[in-house]
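Chains as they are written, first to last, in our numbering: chain B, 1 to 194; chain D, 1001 to 1194.
Each residue gets a CB set at the ideal place from its N, CA and C atoms; glycine is no exception.
Note sheet for the following structure.
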């Protein structure tokens, strides 16, 4: 098994450029080799099947949009509150919109996975782990809300990102305000009388 | 200009089958002609450019997932309330998840539009009109909440559909309950103290 992590990342980044330019259908091992400027067969060495390649791209997306350690350290020094939760969400939206190609690529992979069960299994693992990590982090940080609120916010932020990074309904509201409203209403709304 | 609406719909439906099976990259005028079983050149007659074809598919998706007139009539007889608003949203989720290929195709078109400005313009018109119609209907029906709440719910429901119809985070909550919570918290949350 090929184990050079830098080379693996180089190949994954080449795959992500292809995904951005041509969509999932343009993505083949051969196209990745050509884009990365490596000998034919290299990508197959690191990612032995198409679903391994696509799942490898998904993991690389999460690596590349991972939070800045300095930002995490700053946020981690604050007392848990709704305002802090909002700032964590704002950081997610800032990181994902700063890398529109990567965020769109993840949507693309999720759609491609709907057509390919073996990719769905691999990508599903990555997404489920992401959600479980979010919930564990949230609880450990003592932030308001729980697993249910995190799922609700996950859906709402995905839809907001889809609007911001693909074709928009152009509702004309400030995304920053939208994020703040989503956290405030979805988390505090738990206290509303039924 | 070719004006037979049944033939136009036949071609659009063929295009939507291709989109579901192969993604946006598989979609060409020639592939649509073949899938629809019509002479080469027919699709180009109805949809003179690729973006006209893709925008035509988007309009056809909205036609095909349009509400059942009997359901609309039933809902329209009720007094405006949060429960009624929830039932309208549930009907949207029911219609879109009943046609997973069509709903995924709309996500696919939105992503494809991020790569093609002329498609973005055409698809943007369709999406903006949809949002404006939703707001106008909502106000006329006297339902609680306004344009802001409809935008928030639009994002949240898009993200929920993405989760239900592509690769899921598998948070394990009942979608029906999620829809009801989204309406209740996002609309009633407007009354929470700041």
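**Prompt:** Does the beta-carbon of residue 1149 of chain D have 16 or more other beta-carbons within 10 angstroms, so that it is buried, or is it exposed?
**Reply:** Here residue 1149 of chain D is taken as the residue at index 149 of the second chain, counted from 1. The residue is buried, with at least 16 neighbouring Cβ atoms inside 10 Å.
**Request:** Could you pull out every unbroken alpha helix (DSSP H) segment of at least 4 residues lying fully inside the stretch 1133-1165 of chain D, listed in chain order?
**Result:** 1147-1165
**Beta-carbon proximity of residue 1054 of chain D to residue 1119 of chain D, cut-off 8 Å** = For the purposes of this step, residue 1054 of chain D is identified with residue 54 of the second chain, where counting begins at 1. For the purposes of this step, residue 1119 of chain D is identified with residue 119 of the second chain, where counting begins at 1. Between residue 1054 of chain D and residue 1119 of chain D, the C-beta spacing is below 8 Å.
**Request:** Give a yes or no on whether 8 Å exceeds the smallest Cβ distance from residue 1183 of chain D to chain B.
**Result:** Residue mapping note: residue 1183 of chain D aligns to position 183 of the second chain, counting from 1. Closer than 8 Å: no.
**Asked** When you check each C-beta in the stretch 1009-1027 of chain D against every C-beta of chain B, which residues fall closer than 9 Å?
**Response** For the stretch 1009-1027 of chain D, the set of positions with a beta-carbon nearer than 9 Å to some beta-carbon of chain B reads 1020, 1021, 1022, 1023, 1024, 1025, 1026 in chain order.
**Prompt:** Are the C-beta atoms of residue 1136 of chain D and some chain B residue less than 8 Å apart?
**Reply:** Indexing the second chain from 1 puts residue 1136 of chain D at position 136. No, residue 1136 of chain D does not count as interfacial toward chain B.
**Bounding residues of the alpha helix (DSSP H) (the contiguous stretch that carries residue 62 of chain B)** = In the first chain, counting from the first residue as 1, residue 62 of chain B sits at position 62. Run containing residue 62 of chain B: 50-64, per the alpha helix (DSSP H) assignment.
**Cross-chain neighbours of residue 1032 of chain D in chain B, by beta carbon under 9 Å** = Within the second chain, numbered from 1, the residue matching residue 1032 of chain D stands at position 32. Neighbours of residue 1032 of chain D on chain B: none; closest Cβ ~16 Å, over 9 Å.
**Message:** Can you pull the chain D neighbours of residue 85 of chain B, defined as C-beta to C-beta under 9 Å?
**Reply:** Counted from its first residue, the first chain places residue 85 of chain B at position 85. Within chain D, no residue comes near residue 85 of chain B; the closest Cβ sits about 15 Å away, beyond 9 Å.
**Request:** Have a look at B/172, B/154, B/169 and flag the residue whose alpha-carbon is nearest the alpha-carbon of residue 1164 of chain D.
**Result:** Taking the first residue of the second chain as 1, we reach residue 1164 of chain D at position 164. The candidate whose alpha carbon is nearest that of residue 1164 of chain D is B/154.
**Request:** Could you tell me whether the Cβ of residue 46 of chain B comes closer than 8 Å to any Cβ of chain D?
**Result:** Numbered from its first residue, the first chain carries residue 46 of chain B at position 46. For residue 46 of chain B, the answer is no, since every Cβ of chain D falls outside 8 Å of its Cβ.
**Separation of residue 30 of chain B from residue 37 of chain B, as counted between CA atoms** = Along the first chain, one-based indexing puts residue 37 of chain B at 37. Along the first chain, one-based indexing puts residue 30 of chain B at 30. In a straight line, the C-alpha of residue 37 of chain B is about 10 Å away from that of residue 30 of chain B.
**Item:** Cα-Cα separation between residue 1005 of chain D and residue 62 of chain B, rounded to whole angstroms
**Value:** Translated into positions along the second chain, residue 1005 of chain D becomes position 5. Translated into positions along the first chain, residue 62 of chain B becomes position 62. Their Cα atoms are separated by approximately 46 Å.
**Asked** Are the stretch 1062-1077 of chain D and the stretch 1088-1102 of chain D touching by the rule of at least three beta carbon pairs closer than 8 Å?
**Response** yes
**Prompt:** For the alpha helix (DSSP H) that contains residue 81 of chain B, what are its first and last residues?
**Reply:** For the purposes of this step, residue 81 of chain B is taken as the residue at position 81 of the first chain. Here residue 81 of chain B belongs to no alpha helix (DSSP H), and DSSP marks it neither H nor E.
**Item:** Nearest-angstrom beta carbon gap, residue 1106 of chain D and residue 1058 of chain D [assumed within contact, 8 Å]
**Value:** Working through the second chain from its first residue, we reach residue 1058 of chain D at position 58. Working through the second chain from its first residue, we reach residue 1106 of chain D at position 106. Between residue 1106 of chain D and residue 1058 of chain D the Cβ distance is about 7 Å, and since that is below 8 Å, they are a contact.
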